[in-house]
Amino acid sequence: MNNIVNASLGYSPFEIVYGRRPNFPLTGHFRQDINTLPNDCHEYVQNLCARLEIIRSEVKEHALTSQIKMVERVNDSLNPLQYAKHDYVYLSKNPTGQGQQLKYRYAGPYIIHKIPSPHMVVLKDPDSQKCLPNPIHINRIKPAYVRQPNPAQYFMDQVETKIHVNTTTDQNTASDFSETSELSNTTVSHSEINDNDSNDTENDTGKILMNNNSNNATDEQTKKCKGKSIQSPIRKSTRLKKKPARFEDESFTDPGDKTVSSDENRFYKVKRILARKIMDGTMSYLVHFIGEPAQNARWLKESDFDKKTRDLINHRLPPQIL
């Protein structure tokens, strides 16, 4: 490391200390002229000291030049903050110790009360109106963006829905009241509106009231009956619930078009035979139908089955239960 030339200084540490470049195993040996050799040790020391003074003076100049270039390069990439009085800032607390890592790192917001120097500010608590005892360095503060002089509510205004909208409140002016009274005479009930009146209703701006309490561009259409505002019926989505599908063995009717009652004497498509049992002196079978859950399996007699189901039973008898 001491043999590498420093880019900012222009010399290696070895050369700065000893006044010569280090010799490496692969460094070539060059013969030196005898006339250039010093006459005695005193002359050698003088030449070495002069060479060291030149090297060290150049090192100082190169170090100062590199420092100036580094400062300029950093300042070009930075955006210095300009604080003024009455600005809101956050103060860094730098919590340290056990259990302090998850706590808030900044306190505030505070108000800049005074700027005694370009690097120091005096902060004031907006609640107690008291200044902090010691000035704070600008490296410990950061700008705080608040919406009010005394930040209280950071959220948007409450969104008004149809339930909260009331066109006959006391806050309406006389002109608004006259306009709403005229609109109440022109409104019609929901049952009287047909498809032919849809275009006229959209173009009729007199039947639409704008909500001016907030910046949200929401249009509300109100209907009145005998001086009282009524809410339009809320449309609820409906879903057609179909029962489990039952397929007939011969016709295969669509379950959505025709449903078969369980009391009718018809043959259903059998999925499998779950078990068999002697009931009332005759053999009965627990049948699971296609399209039905296994919990809806029913006990049927062998006389209720067709030839195909009987062959299935004879081919593989289901387990018998007591």
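Residue 63 in full-length UniProt numbering sits at position 63 of the sequence shown, and the numbers go up by one each step. For glycine and all other residues, C-beta sits at the position ideal for the given N, C-alpha and C.
Counting other Cβ atoms within 10 Å of its Cβ, residue 81 stays below 16 and is therefore classed as exposed.
Between the region 138–146 and the region 84–103, the count of Cβ pairs shorter than 8 Å is three or higher; the stretches touch.
By the C-beta density criterion, residue 123 is buried, having at least 16 other C-beta atoms within 10 angstroms. Secondary structure note for residue 276: its beta strand (DSSP E) is the uninterrupted segment 270–279.
Distance check between residue 279 and each of 273, 272, 299, 271 places 299 closest, using alpha-carbon atoms only. Here residue 77 carries a helix assignment [DSSP, helix/strand/coil]. Residue 318 is bridged by DSSP to nothing; it lacks a bridge partner.
In this chain, the beta strand (DSSP E) harbouring residue 110 covers 106–117. One thing to note: residue 297 has its Cβ no nearer than 7 Å to the Cβ of residue 312.
Where residue 89 is concerned, the enclosing beta strand (DSSP E) starts and stops at 88–92. When secondary structure is reduced to three states using DSSP, residue 14 falls in the helix class. Residue 44 sits in a helix when the DSSP states are folded into three classes. Look at residue 138 here: in three-state DSSP terms it is helix. Between residue 16 and residue 55, the C-beta spacing is below 7 Å. Under DSSP, residue 285 takes part in a beta bridge, and its partners are 276, 300.
Buried is the label assigned to residue 273, since at least 16 other Cβ atoms lie within 10 Å of its Cβ. Bridge partners of residue 69 according to DSSP: none are assigned. Residue 136 is positioned such that its CB atom lies no closer than 7 Å to that of residue 146.
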